[in-house]
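Mapping of the sequence shown onto the UniProt record's numbering: residues 1 to 329, in sequence order.
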Amino acid sequence: MNATPSPAASGGTPPLRLGTRRSALAMAQSGLVADLVREVTGRPVELVEITTYGDTSREHLAQIGGTGVFVSALREALLSGELDLAVHSLKDLPTAEPDGLRLAAIPRREDPRDALIARDGLTFAELPPGSRIGTGSPRRAAQLNAWARSFGLDIETVPIRGNVDTRIGYVRSGRLDAVVLAAAGLIRLGRIGEATELLDVGHVLPAPGQGALAVECAASSVALTARLAEIDDPYTRVAVTAERSLLAALEAGCSAPVGALADLLADGQVVTEMRLRGVVGSLDGTTLVQLSTTGPVPASPSEAGDLGRELAAEMLAKGAAGLMGERAL
Numbered sequence: 001m002n003a004t005p006s007p008a009a010s011g012g013t014p015p016l017r018l019g020t021r022r023s024a025l026a027m028a029q030s031g032l033v034a035d036l037v038r039e040v041t042g043r044p045v046e047l048v049e050i051t052t053y054g055d056t057s058r059e060h061l062a063q064i065g066g067t068g069v070f071v072s073a074l075r076e077a078l079l080s081g082e083l084d085l086a087v088h089s090l091k092d093l094p095t096a097e098p099d100g101l102r103l104a105a106i107p108r109r110e111d112p113r114d115a116l117i118a119r120d121g122l123t124f125a126e127l128p129p130g131s132r133i134g135t136g137s138p139r140r141a142a143q144l145n146a147w148a149r150s151f152g153l154d155i156e157t158v159p160i161r162g163n164v165d166t167r168i169g170y171v172r173s174g175r176l177d178a179v180v181l182a183a184a185g186l187i188r189l190g191r192i193g194e195a196t197e198l199l200d201v202g203h204v205l206p207a208p209g210q211g212a213l214a215v216e217c218a219a220s221s222v223a224l225t226a227r228l229a230e231i232d233d234p235y236t237r238v239a240v241t242a243e244r245s246l247l248a249a250l251e252a253g254c255s256a257p258v259g260a261l262a263d264l265l266a267d268g269q270v271v272t273e274m275r276l277r278g279v280v281g282s283l284d285g286t287t288l289v290q291l292s293t294t295g296p297v298p299a300s301p302s303e304a305g306d307l308g309r310e311l312a313a314e315m316l317a318k319g320a321a322g323l324m325g326e327r328a329l
């Protein structure tokens, strides 16, 4: 564990220790949260770099389970008192909240869509037959294969891992024709201009919680929890709660082929409804269970959770349970 210190005035308030993974993307995300935390607490914040199992393992995420592999080391540091708070990509966070920790804030969500980075500036529909597309996500593989099949395109999804540079490098070197990454990460790194297409959620639903960040702290840190609530975005909170409740009700982890997105629908400037969409698919895309529901914006995270569980029950009744085990790419 290494600290990137933020100097505090001699004898002044000690800095809050914010835990983050070491990757460039994680550091960028944590830096954004650190700025928000400084504003609401008036305290300096230092980033403390933590190495997680997901960072050191070379296995594909679908093989090691995905759920929690980027999270557990940060949580252990929180529980031991080494950290005051930690930042996670919400899509990596297990749906069950552990004893002793609180999901204190979910700041306003960035673009939840997936982004295609393809050779020669191509869009997905322009890719030639036999194109090889890199992704470590069974969810993406299932939906990309289904989308390609819908207009007669033959593609091969190839399992990949690594940071953003590594993944894009597969395209730049010619080893792959395209890769798919989360648009939010590219935006936070200032690299969204490298995307050749932002994928329509009508074809590829994102992972539950994609584009959102989670700020955790110890449940015993009552005063800090109260201050962090000031950076919580209520609309993002109810949307991702509905998505994650659907995921939990399907008894699926973040490596399962499940996509979900809650859209907030506005009448002019007033948000009036929320539409929740969910999908589960076989890896080859031959079978998709895709349903949606629309209703009033939930008045609380509890109501949002109910909405997610109701849609999950409908999906299970349509055969989603039989697709839950399809994780290996």
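Quick reminder that beta carbons are idealized off the backbone N, C-alpha and C, glycines included.
This structure is a prediction, so every number in the text was calculated from the model and none was measured.
Between the C-alpha atoms of R172 and T241, what's the straight-line distance to the nearest angstrom? Numbered from its first residue, the sequence shown carries residue 172 at position 172. Numbered from its first residue, the sequence shown carries residue 241 at position 241. Cα to Cα, the separation comes out at about 37 Å.
For S292, which of helix, strand or coil comes out of DSSP? What you label residue 292 is simply residue 292 of the sequence shown in a count that begins at 1. It is a strand residue.
Straight-line CA distance for T293 to G81? On the sequence shown, position 293 is the one that residue 293 refers to. On the sequence shown, position 81 is the one that residue 81 refers to. Approximately 42 Å, taken between the alpha carbons.
Measuring only the C-alpha atoms, how far is A195 from T13? As a first step, residue 195 must be located in the sequence shown, where it is residue number 195. As a first step, residue 13 must be located in the sequence shown, where it is residue number 13. When rounded, the distance between both Cα atoms is 43 Å.
Go through the region 65-140 residue by residue and report every complete run of the beta strand (DSSP E) that reaches 3 residues or more, in order. 85-89, 101-105, 114-118 and 131-134
If I measure Cβ to Cβ from residue 330 and keep anything under 7 Å in the same chain, skipping five residues before and after, which residues do I get? A query on residue 330 cannot be resolved here, the shown segment of the chain reaching from 1 to 329 and no further.
L116 and L199 - do their beta-carbons sit closer together than 9 Å? Along the sequence shown, one-based indexing puts residue 199 at 199. Along the sequence shown, one-based indexing puts residue 116 at 116. A contact, by the Cβ cut-off of 9 Å.
Here's the rule I'm using: 16 or more other beta-carbon atoms within 10 Å means buried, otherwise exposed. How should E243 be labelled? Locating residue 243 in the sequence shown gives position 243, where the first residue counts as 1. Classification for E243: buried.
Need the endpoints of the alpha helix (DSSP H) that I187 sits in, please. As a first step, residue 187 is located in the sequence shown; it is residue number 187 there, counting from the start. Counting along the chain, the alpha helix (DSSP H) containing I187 begins and ends at A183 to R188.
Work out the CA separation of G209 and A184 for me, nearest whole Å. Residue numbering aside, residue 184 sits at position 184 when the sequence shown is read from its first letter. Residue numbering aside, residue 209 sits at position 209 when the sequence shown is read from its first letter. C-alpha separation (whole angstroms): 11 Å.
Please give the ranges of any alpha helix (DSSP H) in the UniProt domain "Porphobilinogen deaminase C-terminal" (239-316), keeping only runs that are unbroken, at least 4 residues long and fully inside the region. none
Please name the residue or residues paired with G152 in a DSSP beta bridge. What you label residue 152 is simply residue 152 of the sequence shown in a count that begins at 1. Answer is none; G152 lacks a bridge partner.
Is G211 helix, strand or coil by DSSP? In the sequence shown, counting from the first residue as 1, residue 211 sits at position 211. In this structure, G211 counts as coil in the three-state DSSP scheme.
Along the beta strand (DSSP E) that carries V45, what are the first and last residues, could you check? Translated into the one-based positions of the sequence shown, residue 45 becomes position 45. It spans V45 to E49 - the beta strand (DSSP E) in which V45 sits, taken as one unbroken run.
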